[in-house]
Structures are given as structure tokens and as C-alpha cells.
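These notes concern the structure reproduced below.
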Amino acid sequence: MTFSTGSFPQSVAVGDFNNDTQLDIVVANVNDNSVSVLLGYGNGSFQNQMTFSTGLDPYSVAVGDFNNDTRLDIVVANHRSSDVSVLLGFIIIRFMNRIALTAGHGSRPRSVVIADFNNDSRMDVALANSGSHTIAIFFGDGNYSFSNLTTYSTGSTPMSIAVADFNNDSRSDIVAANYDSQTVSVFLGYGNGCFTNQSIYSTGPESYPYFVAVGDFNNDSAIDIAVITQGTNNLGIFLGYGNGTFSNVTLMPIGYGSNPFCVLIGDFNDDRKLDFAVANKGTDSLSMFLQTC
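Take the sequence shown: its letter number 56 is residue 57 in the working numbering, and every next letter is one higher.
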């Protein structure tokens, strides 16, 4: 089944936007400077899209409750306008006029995630800024407003960001994929909104890492990192030791000319082992990696 969105859909997130216990979809449309919301019927089909304006070139979308009203809100990273759009959700499925959070001149954010980085039970926003070579964090106050951003240096051109607890201290840590420096950067959180300086891990020469995801891939209770490398058409795995450090990368080939774009992690064959689904732009295909050990 196919459902219409805006032009050049780039990022997707799911959540229950109208509190009917059915999952809905939000899509970031780069060429339309909009997001599309498709409400789910709970049977695999969806209503026609409703569209809401964003900043320029929305490349990444995420959802969370920023004002503690039990209704999901939407946050969008706008690459060309170097800002973030936050749309406050209402139960009748409309969104308040968006507010824009400035990420800095020339910051060009490419990826956004939501987590509570300072343990105040309020959702915060973290960005990967490809233009300023930083991650940036806006701290939420639980009332639909945010503090000025805090930034940390990454490698060159961070394109993707993910959040997990890498050292088992119950605090949110961050990993970013640095496209032009062929590395990933790991930042360990102190639980008060501050982070260590980056620890750097190589993804290999000319690898150009584009997308990063996290999970416990070997069932050792330590979070691992998966990265898509567009330059070498590989899926790379960094195994975590549970103390905030990681192994060297292990590379799995996806195929010549595949130009992998992103990876989704889940147990696709019900064997209680995490598997990998990789979307390939170059071959218009999906590559599945099923764990066997």
C-alpha cells in the first residue's frame, strides 16, 4: 500500500498523535518545507495526509511530549534555515503555530533526537549540525520553551545522531556519525546536561558514515553502535564494552553501488536477536542482515 506525502520525503517517525491507541505517522518533506501527518486506523491503513509548515529543508523529524500534557509534539531539524521547528500537538489533531529554535548561523542541522539529558523529567532536543561540526542541545522546561543551546565539537560534517546509555549509569549518552572525517563521536552524559568531550572511533578510510543507530546486538547488556558507510557501501558495527568504550569497527558489505541510506534495527524473525534492515538508494533495494549467532 502507498500513501501520498509531500515532495521528497526524507525522514519518518511514528506515534499516537490523537490518543486513540493507534499508531500514526509523521514525515518530513524536504522540497515542500513541511511535515505530513497520517493518522492510522489501526488496520494498516491511514487517512490522507495533513500538512504543516516547517523551516527550510526539513531533513529529520522526531516526536515527544515537550509540555507534559500527555500529547505528542513534533520537532523538525531544518537544514537550510539552520533552525529547529517545534509543533505543539492538540488532541483534536492540529498543531500550534510552530516556534523556531535557532541552531546557529550556518549550522545546517541534519538529524534530531529527543531525550531527557539533565534528569529533570522534561524532554530535551539534540541536533547533529553538519555545517558547524557540532552537536547542539536545547533543554526543555516542560512548558513548551527551551534554553539557549549548548554545543560540543564533533568530527567533520556530522550527519546523524542517536541516544543510548553506553556506560550503564542510567544517563543518556550521544553518538554522531561524522561524514567527512570518517569517524563516529561518542559523548558520555553526566546526567546534569553536560557531556564529556568526544571519543573518536574510525569507520575506515573513504567510508563517509551517513547514518547511525544503536542497540544491544550481542545480548551482553552493553549497547552497541551500527553505522551506514556510503563511501564503502558497508554496515559497520562497534561492539560496546558497557563502560563507554567500543571495539574497532567490523564491516559487513552491502554491495557495490548500493549507496546505503539508513538502517533499522529490530528482531525480524522472532529469535530474540536484533537484525538489521538497510535501505539502499543506489539499487532501490532493502538489504536484510539476520543474526545467526
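A virtual CB, placed ideally from N, CA and C, is assigned to each residue, including glycine.
Keep in mind that this is a model prediction, so the values were computed, not measured.
Assign residue i to one of two classes, buried (16 or more other C-beta atoms within 10 Å of its C-beta) or exposed (fewer than that).
{"i": "I201", "result": "exposed"}
{"i": "S112", "result": "buried"}
{"i": "G241", "result": "buried"}
{"i": "N234", "result": "buried"}
{"i": "V15", "result": "exposed"}
{"i": "F4", "result": "exposed"}
{"i": "S288", "result": "buried"}
{"i": "Q11", "result": "buried"}
{"i": "M2", "result": "exposed"}
{"i": "G65", "result": "buried"}
{"i": "N34", "result": "buried"}
{"i": "S286", "result": "exposed"}
{"i": "G45", "result": "exposed"}
{"i": "S259", "result": "buried"}
{"i": "G107", "result": "exposed"}
{"i": "F18", "result": "buried"}
{"i": "G43", "result": "exposed"}
Which of the three DSSP states, helix, strand or coil, is assigned to residue i?
{"i": "M2", "result": "coil"}
{"i": "N79", "result": "strand"}
{"i": "I255", "result": "coil"}
{"i": "V250", "result": "coil"}
{"i": "A63", "result": "strand"}
{"i": "M124", "result": "coil"}
{"i": "D174", "result": "strand"}
{"i": "P206", "result": "coil"}
{"i": "R109", "result": "coil"}
{"i": "T151", "result": "strand"}
{"i": "V27", "result": "strand"}
{"i": "Q292", "result": "coil"}
{"i": "N168", "result": "coil"}
{"i": "T103", "result": "strand"}
{"i": "C263", "result": "strand"}
{"i": "A223", "result": "coil"}
{"i": "T284", "result": "coil"}
{"i": "D21", "result": "coil"}
{"i": "N32", "result": "coil"}
{"i": "S12", "result": "strand"}
{"i": "T135", "result": "strand"}
{"i": "G192", "result": "coil"}
Within its chain, find whatever has a CB closer than 8 Å to the CB of residue i; leave out the 5 residues flanking it on each side and keep chain order.
{"i": "T152", "result": "G105, N130, S133, T135, I136, A137, I138"}
{"i": "N68", "result": "D74, L89, G143, N144, Y145"}
{"i": "G194", "result": "F118, N119, D125, I138, F140, T151"}
{"i": "M253", "result": "N235, L236, G237, I238, F290"}
{"i": "Q292", "result": "F218, D272, K274, L275, D276"}
{"i": "V250", "result": "Y202, S203, T204, G205, V228, G237, I238, F239"}
{"i": "D225", "result": "V215, G216, D217, F218, N219, I238, F239, L240, G241, F247"}
{"i": "V13", "result": "I26, V27, V28, A29, V62"}
Is the separation between the beta-carbon of residue i and that of residue j shorter than 8 Å?
{"i": "R109", "j": "D117", "result": "no"}
{"i": "G283", "j": "L275", "result": "no"}
{"i": "Y257", "j": "Q231", "result": "no"}
{"i": "V38", "j": "N30", "result": "no"}
{"i": "S186", "j": "Q199", "result": "yes"}
{"i": "I26", "j": "F47", "result": "yes"}
{"i": "G245", "j": "F167", "result": "yes"}
{"i": "V114", "j": "V164", "result": "yes"}
{"i": "I162", "j": "A214", "result": "no"}
{"i": "N281", "j": "F262", "result": "yes"}
Who are the Cβ neighbours of residue i in its own chain at under 6 Å, not counting the five residues just before and after it?
{"i": "R172", "result": "G190, G192"}
{"i": "S82", "result": "G56, L57"}
{"i": "S157", "result": "H134, N179, D181, S182"}
{"i": "D221", "result": "none"}
{"i": "G41", "result": "Q23, L24, D25, F47"}
{"i": "M51", "result": "V38"}
{"i": "N169", "result": "G243"}
Would you verify that the beta carbon of residue i is, or is not, closer than 8 Å to some beta carbon of chain B?
{"i": "S171", "result": "Looking at the structure shown, chain B is missing, and only one protein chain is on hand."}
Who are the near neighbours of residue i in its chain, counting only those whose CB is closer than 7 Å to its CB and skipping five residues on each side?
{"i": "F277", "result": "A227, L236, V264, I266, F290"}
{"i": "T71", "result": "none"}
{"i": "H80", "result": "D58, Y60, R109, P110, R111"}
{"i": "D84", "result": "G56, A101, L102, T103, A104"}
{"i": "T155", "result": "H134, T135, I136, A177, N179, S186, Q199"}
{"i": "G184", "result": "In the sequence under discussion, the amino acid at residue 184 is Thr, which differs from the Gly named in the question. Excluding positions up to five away in sequence, the list reads G156, I201, Y202, S203, T204."}
Comparing the CB of residue i with every heavy atom of the ligand GDP, is any distance shorter than 7 Å?
{"i": "Q183", "result": "As for the ligand GDP, it is missing from this structure, which has no ligand bound."}
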